[in-house]
Amino acid sequence: MHNKHESITPSQLHAHRAGDASHHHVAEGRSPKILGFSVLLTLTFAAIEALAGFWSNSLALISDAGHMVTDSTALGLALLAQMIARRPPSPKHSFGFGRAEALAAFINALAMLAIVGWIVFEAIQRFSAPQAVQGKAVFVVALIGLLINLMVAWVLSHDKESVNARAALVHVIGDLLGSVAALVAGAVIYITGWMTIDPLLSLLVSLLILKSTVDVLRDAYHFLMEGVPHHIDYLQVGEDLAAIDGVLSVHDLHVWEMTPGQPALIGHVEIRSMGEWPTLLHAIKLMLLEKHGIDHVTLQAELPGMVNGD
Numbered sequence: 001m002h003n004k005h006e007s008i009t010p011s012q013l014h015a016h017r018a019g020d021a022s023h024h025h026v027a028e029g030r031s032p033k034i035l036g037f038s039v040l041l042t043l044t045f046a047a048i049e050a051l052a053g054f055w056s057n058s059l060a061l062i063s064d065a066g067h068m069v070t071d072s073t074a075l076g077l078a079l080l081a082q083m084i085a086r087r088p089p090s091p092k093h094s095f096g097f098g099r100a101e102a103l104a105a106f107i108n109a110l111a112m113l114a115i116v117g118w119i120v121f122e123a124i125q126r127f128s129a130p131q132a133v134q135g136k137a138v139f140v141v142a143l144i145g146l147l148i149n150l151m152v153a154w155v156l157s158h159d160k161e162s163v164n165a166r167a168a169l170v171h172v173i174g175d176l177l178g179s180v181a182a183l184v185a186g187a188v189i190y191i192t193g194w195m196t197i198d199p200l201l202s203l204l205v206s207l208l209i210l211k212s213t214v215d216v217l218r219d220a221y222h223f224l225m226e227g228v229p230h231h232i233d234y235l236q237v238g239e240d241l242a243a244i245d246g247v248l249s250v251h252d253l254h255v256w257e258m259t260p261g262q263p264a265l266i267g268h269v270e271i272r273s274m275g276e277w278p279t280l281l282h283a284i285k286l287m288l289l290e291k292h293g294i295d296h297v298t299l300q301a302e303l304p305g306m307v308n309g310d
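Residue numbers for the sequence shown follow our numbering, so the first one is 1 and each next one is one higher.
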């Protein structure tokens, strides 16, 4: 038992006892080495591809290089976010730093939207004024870029728990599509001399990656705004709580995610007598975990008169 004359430490306040939720405030099982390797690889080739793109005058190659530069920044933010998210809770951040991942994912998605807008603008300009492109050089560089993007995508796909790694993976997939487009553009230009294929495929890639980017942006925004997890039916949770024998009503109910994949619930429950509360609380926790996957539950029991402030 804690001595009231001793100082309370953050570890004591965050300690989980028997019957408490089994969630973790610290991001676990995510290796920074995955993102570190991806940052180094994409940044190195982005510089090479950018130089080759300007030399060959290929918009498809330049846009792919732009994607990879953005990815290097995105992956760098992801790496920083993972390092921050692994920090334990503190007196000023009692939930830990898990939301850093969603914040970085949100920034990443905004950056990708800006890149897509630039590519579309440049592509439209080239439709009216086609420019000569070195097809053979574009093909060779794009082939190398495709192989690198496949390697990075494969590495990132192994981090399935992180919403931020998922956002970074969207960037890499966009680069992969960009490399395919540049590859095709280089081949067509080299064989046929049709220069319009370069901006055409750049525009197509931009439209393809737009949906994935918007999805990540929407999910990150929803998480940052403490929205109800997508897999949980908020109204059904309220109905299931109210349906438990002994519960008279439920109010001030909130459901959100503290960190990705860790839903939490708080609320007020009106009951007949406080003597029934231990049994009711056990039944409520069991139902929420089995039916809705919620194991971090904080409920305040109230008697009928207390609800109206009597």
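Virtual Cβ for every residue (Gly too), placed ideally from N, Cα, C.
This one's a predicted model, so the numbers in the text were calculated from it and none came from an experiment.
Asked                                                                                                                                                                  : Found
With V269 as the anchor, note down where its alpha helix (DSSP H) starts and where it stops.                                                                           : Where V269 is concerned, there is no enclosing alpha helix (DSSP H), although the beta strand (DSSP E) it sits in stretches over Q262 to I271.
Mapping DSSP to helix, strand and coil, what is S58?                                                                                                                   : coil
Just curious, the beta strand (DSSP E) that D245 is in, first and last residue?                                                                                        : It is not in any beta strand (DSSP E) - D245 carries neither H nor E in the DSSP assignment.
Hey, how far is the Cα of I119 from the Cα of S202?                                                                                                                    : 7 Å
Enumerate in chain order the residues of its own chain whose CB-to-CB distance from V250 is below 8 Å, with the five nearest sequence positions on each side excluded. : G238, L241, A242, G267, H268, V269 and E270
Return yes when the Cβ of A114 is within less than 8 Å of the Cβ of A220, no when it is not.                                                                           : no
When you compare the segment 40-47 with the segment 177-195, are there three or more beta-carbon pairs, one atom per stretch, that lie closer than 8 Å?                : no
Over what stretch of residues does the alpha helix (DSSP H) that includes H292 continue unbroken?                                                                      : W277 to H292
Looking at C-beta atoms only, is the number of pairs between the segment 146-157 and the segment 218-237 that lie closer than 8 Å three or more?                       : no
Beta strand (DSSP E) containing L217: first to last residue?                                                                                                           : Segment I197 to L224 is the alpha helix (DSSP H) holding L217; no beta strand (DSSP E) there.
Which residue from F106, L299, M258 and G261 puts its Cα closest to that of W277?                                                                                      : L299
Quick check on S249: does DSSP put it in helix, strand or coil?                                                                                                        : strand
Shortest alpha-carbon distance to V228 belongs to which of I197, W194 and M258?                                                                                        : M258
Does the separation of the CB atoms of G53 and A65 fall below 8 Å?                                                                                                     : yes
Inspect the CB distances between the segment 134-143 and the segment 185-194 and report whether three or more fall short of 8 Å.                                       : yes
By Cβ distance, which residues of its chain are closer than 8 Å to K136, with the 5 residues on each side in sequence left out?                                        : G186 and Y190
Relative to the C-alpha of V172, which candidate in E290, S212 and L200 has its C-alpha closest?                                                                       : S212
Determine the burial state of H296: buried for a count of at least 16 other Cβ atoms within 10 Å of its Cβ, exposed for fewer.                                         : buried
Kindly identify the DSSP beta-bridge partner or partners of A301.                                                                                                      : V269
Under 8 Å, do L253 and L288 count as touching if we go by C-beta distance?                                                                                             : no
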